[in-house]
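K.L.:
Okay, here's the structure, questions in a sec.
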Amino acid sequence: MIGLCLGLAGVVWAQLPTPAFTLAWNHTIEKIRWEEDYRVTADGLLLGEARIKGSGAGMEAPQGAELRDGAWHYRRQVPALQPLRVGRTPEAGDYQLCFDGQCHALSEWLGPPRADRPALELWSCEVAAQS
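Okay, so the sequence shown: first residue is 1 according to full-length UniProt numbering, each after it adds one.
And the structure:
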């Protein structure tokens, strides 16, 4: 079963058997929520729709974005990401992974962000089915 691996440089720290997820976080300065929807495929993570709930320092909605329900909705055409690399530090706060109707802080699987591990990679991988 294809799922989501979390780790760094190919070392798996956690695996999640989910075919799709939303990566969410708050902008470190403006404290405005960003969300990106991904589908997990054998080729990597495919970005679908993204949303931003405002604008400010370095976070303008891209051209063509639509304002709906208090957030700018948009799509970007990018190839499958394998891996998706994100920064994760104590100063910036934590990301959330949302799937199956619930959002979870990454710290649920990885512990709190640490200064000695300032990056994280997410990629599609084979995971054992949970029963």
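Here a beta-carbon is modelled for each residue, glycine too, at the ideal position from N, C-alpha and C.
Locate the beta strand (DSSP E) running through Glu108, then write down its first and last residues.
P.N.:
Premise fails: Glu108 lies in the alpha helix (DSSP H), 107 to 110, not in any beta strand (DSSP E).
K.L.:
Provide the residue span of the beta strand (DSSP E) that contains Gly48, from first to last.
P.N.:
Here the beta strand (DSSP E) through Gly48 covers 44 to 52.
K.L.:
Is Ile2 helix, strand or coil when you go by DSSP?
P.N.:
Reduced to three states, the DSSP call for Ile2 is strand.
K.L.:
Examine the Cβ distances between the segment 70 to 79 and the segment 98 to 111 and report whether three or more of them are shorter than 8 Å.
P.N.:
With the cut-off at 8 Å, the segment 70 to 79 and the segment 98 to 111 do not touch.
K.L.:
Tell me the rounded alpha-carbon separation between Ile29 and Gly7.
P.N.:
Going by the C-alpha atoms only, they are around 26 Å apart.
K.L.:
Between the C-alpha atoms of Ala14 and Glu66, what's the straight-line distance to the nearest angstrom?
P.N.:
So the two alpha carbons sit approximately 35 Å from each other.
K.L.:
How should Glu49 be labelled, buried or exposed, when 16 other C-beta atoms within 10 angstroms of its C-beta is the threshold for buried?
P.N.:
Per the 10 Å Cβ criterion, exposed.
K.L.:
Go ahead and label Trp109 buried or exposed: buried means 16 or more other beta carbons lie within 10 angstroms of its beta carbon, across all protein chains shown.
P.N.:
Exposed.
K.L.:
Could you spell out where the beta strand (DSSP E) holding Gln15 opens and where it closes?
P.N.:
Its beta strand (DSSP E) spans residues 11 to 16.
K.L.:
Measuring straight from C-alpha to C-alpha, what distance separates Val12 and Trp123?
P.N.:
Distance between the alpha carbons of Val12 and Trp123 is about 10 Å.
K.L.:
For Leu81, report the span of its beta strand (DSSP E) as first-last.
P.N.:
Unbroken run through Leu81: none, as it is neither H nor E.
K.L.:
Is it true that the CB of Pro112 sits closer than 8 Å to the CB of Gly87?
P.N.:
Cβ distance not < 8 Å, so Gly87 and Pro112 don't count as in contact.
K.L.:
Thinking C-beta only, is Asp43 closer than 8 Å to Ala92?
P.N.:
No, the Cβ-Cβ distance between Ala92 and Asp43 is not below 8 Å.
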